[in-house]
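Going by the working numbering, the sequence shown opens with residue 595, and the numbers climb by one from there.
Heads up, the beta-carbon is just placed ideally off N, CA and C, and yes, glycines get one too.
Data block below; observations after.
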Amino acid sequence: MTQPQVTTNVSRTLWMCAMWTCLWGVHAQVEFRAVGGQGEEFGEVVVPHGSGAFLLGSTQLPNTQDVRGYVVHYDQNLDVDWTALTPGDVMFEMAMDGWSDEPGVVDVLTWRLTTADGYHAAIHSFDSTGVWRGITVPPLTQGFRPTCSVEWLGERWVVGAIGNRPTAISLNTGELKHWGGENGVNDEIRDAMVVNNLLVSVGSRTEAGQTRTAIWGMYPLGQMAFEFHQPDTVPQTWSQAEALALGLNGNVRVLQSYERNLPSGGGALLHSLISLNALTGNLNGFLYGPTAGERPGRDLAFTEGGWLKLSQTDVVTALDQSMLLTHYTPGGGYVGQGAWGTLFEDDPSRLTVDSLGQIWVAGSTRGALNDTWNACLLRIDSLGPLDNWSLETPGFGVYNDLLFTTLDVDQVPESSEAWRLFPSLLGPRTERIRIDGPAAAQGRDITWTLLDGRGREVAKGQGLDVQVGRWAPGRHVLVVHDGRRARALDLVVAGRQP
595 MTQPQVTTNV SRTLWMCAMW TCLWGVHAQV EFRAVGGQGE EFGEVVVPHG SGAFLLGSTQ
655 LPNTQDVRGY VVHYDQNLDV DWTALTPGDV MFEMAMDGWS DEPGVVDVLT WRLTTADGYH
715 AAIHSFDSTG VWRGITVPPL TQGFRPTCSV EWLGERWVVG AIGNRPTAIS LNTGELKHWG
775 GENGVNDEIR DAMVVNNLLV SVGSRTEAGQ TRTAIWGMYP LGQMAFEFHQ PDTVPQTWSQ
835 AEALALGLNG NVRVLQSYER NLPSGGGALL HSLISLNALT GNLNGFLYGP TAGERPGRDL
895 AFTEGGWLKL SQTDVVTALD QSMLLTHYTP GGGYVGQGAW GTLFEDDPSR LTVDSLGQIW
955 VAGSTRGALN DTWNACLLRI DSLGPLDNWS LETPGFGVYN DLLFTTLDVD QVPESSEAWR
1015 LFPSLLGPRT ERIRIDGPAA AQGRDITWTL LDGRGREVAK GQGLDVQVGR WAPGRHVLVV
1075 HDGRRARALD LVVAGRQP
């Protein structure tokens, strides 16, 4: 059994800026926490419960390049109780989603690579005291890339893709349902939910080198209710759906990120909302956001107070890349928005709204502990009204996790330090990447998989030369496998290929 590691609280004062706009003047309490150690930690989702919250993410372990699932438990005061890694003899494992079907217990959906089973899905279970309660490996998931889970037809399903086909797998029976993935196309899933027994999933379709937003609706017996590819007509060079949420009367909104060329030259990474009536299968319209900058969408939620949209933004120059929350009425009217960030770089991932109306944002922040990425969460006690607390300092805490100083990680004969990417920073005109490994590995069969910042597959191939594609700007991980071991190598895309 893996024992949780207790962390120590390191009090640090960082200069931070925050800017919120709103219609009212009631003060919302805001708390921020960062946690990590000597490696690189990335937060994926927060799962609140009655006496605290679980922050789920992944960590690239120091000195090894190994990637493992990372679980942090906070008490009601947002003090860290314990942290743990997902256990097991794995070469690679990333947390993708989490949920709680039992009070005080979290199930962590991971994507993992083992020698025996290759890439597949797994579910780890932890309770709020830090006890690891075991692991479940769903049947028939070899080669499956999980994205999220849903409750459908009275049971829990995991949604993702096998090969080029979107797939849903029942955790109870092992039943598989496939859709999309016709010849010559590659379909990927980013999010899914159930609306009136319809499984509605969103993501992208790549065909003839072009990636566009895709939306699918499927009946319980597997027939398609509706299907949309590139639903809007705004000129785009790339797009993909990031998330969806259900509002009133079957109205679903889909958050998409897209890239377009600007009339003045250059490009912009933007986002917009697509309105869909899942009961009729009709598109109702589009709500466009920013018109310039690097502002991709991240997540979407519907609450009693209306819609809440999460994105990354460069709109506040002093904050570099920061987290942006935008509030709309239930009917879609704009209410207000606020950007939060440190003076370094902050990248949000997922939104959670708990039963008390508190808003939780999971993400990653760079610079809280040295110059590395650390998992983080932002908690706001209510959606609104939000006060204008520009330049105020919210509750702030940084935890230096001693777990990473006590790990006994098995070392391989050849050091991971010997593996490099040339270059590891890609500009708009970079065409190729060279994977450089130790001499002993040169004769082995090398395969690689490119993951984006949320652990989703972007591309894959074989050999030591990687052809650069039209990849979204931001941090990525190139997982290199030589037939014996997988290594995760950092890669940053600074600009998309023209």
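Closest Cα partner of residue i within the set the options
i     : options                   : result
V788  : F720, R944, G844          : G844
L792  : D695, I1040, N994, E745   : E745
L937  : T885, D908, D893          : D908
G925  : P1017, Q804, G841         : G841
L881  : R889, A862, R847, V910    : R847
L675  : H714, D721, A710          : According to the sequence shown, residue 675 is Asp rather than Leu. Taking only the C-alpha atoms, the option nearest D675 is D721.
G768  : V753, G778, N777, H667    : V753
A628  : T677, W751, V1060         : T677
V1087 : T911, D1059, K1054, I1027 : I1027
S958  : N671, E749, G1068, T708   : G1068
T827  : Y852, G861, Y813, R1050   : Y852
A956  : R1023, V661, V665         : V665
R784  : W773, R1050, Q1061, W1065 : R1050
Residues of its chain near residue i, where Cβ-Cβ distance is below 7 Å and the 5 sequence neighbours each way are ignored
i     : result
G692  : V639, V641, F648, L650, V700, D701, V702, L703
V1006 : Any reading at V1006 needs caution, since the residue's pLDDT is 35, under 50, leaving its predicted position unreliable; the model's value is listed next. Same-chain partners within the cutoff: R1079.
D1004 : For D1004, the predicted model reports a pLDDT of 39, less than 50, meaning its position is unreliable and no value from the coordinates is stated.
T923  : G900, V929
Q850  : T807, S833, Q834, A835, E836, H865, S866, I868, G891
S764  : E749, W751
Simplified DSSP assignment, three categories, for residue i
i     : result
T704  : strand
T735  : coil
L1045 : strand
V1073 : strand
E853  : strand
T677  : strand
L747  : coil
L997  : helix
T911  : helix
P829  : coil
W1051 : A quick correction: the sequence has Glu, not Trp, at residue 1051. Looking at E1051 - three-state DSSP - the assignment turns out to be strand.
Q906  : strand
R1064 : coil
R1038 : coil
N780  : strand
E801  : strand
D975  : coil
N876  : strand
H621  : Because the pLDDT of H621 is 49, which lies under 50, any placement of that residue in the model is unreliable, and the number read from its coordinates should be weighed accordingly. Residue state, collapsed to three classes: coil.
S719  : strand
Y813  : coil
F938  : coil
Expected contact under 8 Å - CB spacing of residue i and residue j to nearest Å
i     : j     : result
H865  : G887  : H865 to G887, Cβ: 11 Å. No contact.
F896  : A839  : 5 Å
G712  : G737  : 6 Å
S798  : R806  : 6 Å
G663  : L679  : 6 Å
W705  : P740  : 6 Å
G646  : Y668  : 5 Å
V1052 : L1044 : 4 Å
T1024 : V1060 : That belief does not hold up - the Cβ atoms of T1024 and V1060 are roughly 10 Å apart, past 8 Å.
Test item: CB-CB of residue i and residue j under 9 Å
i     : j     : result
S652  : E687  : yes
I809  : A837  : no
V996  : G631  : Here residue 996 is Leu; the residue named in the question, Val, does not match the sequence. In this structure, G631 lies closer than 9 Å to L996 by Cβ.
W1042 : L1072 : yes
G951  : E898  : yes
F626  : G991  : yes
A1082 : Q654  : yes
P732  : A710  : no
Q1056 : D1039 : yes
L734  : L770  : yes
L904  : M917  : yes
Q915  : D941  : yes
T708  : M690  : no
L913  : G935  : yes
Neighbourhood of residue i by C-beta, 6 Å cutoff - its chain only, sequence neighbours within 5 removed
i     : result
R960  : F938, E939, W967
N780  : N758, T800
T946  : V640, W954
E986  : Only weak support exists for where E986 lies, its pLDDT of 45 falling under 50; the coordinates are left without a value.
H1075 : T1041
A962  : A628, N968, V992
K1054 : T1043
Proximal residues to residue i (C-beta, below 8 Å), its chain only, five neighbours per side dropped
i    : result
N878 : N845, S869, L870, N871
P829 : R854, N855
N766 : E749, R750
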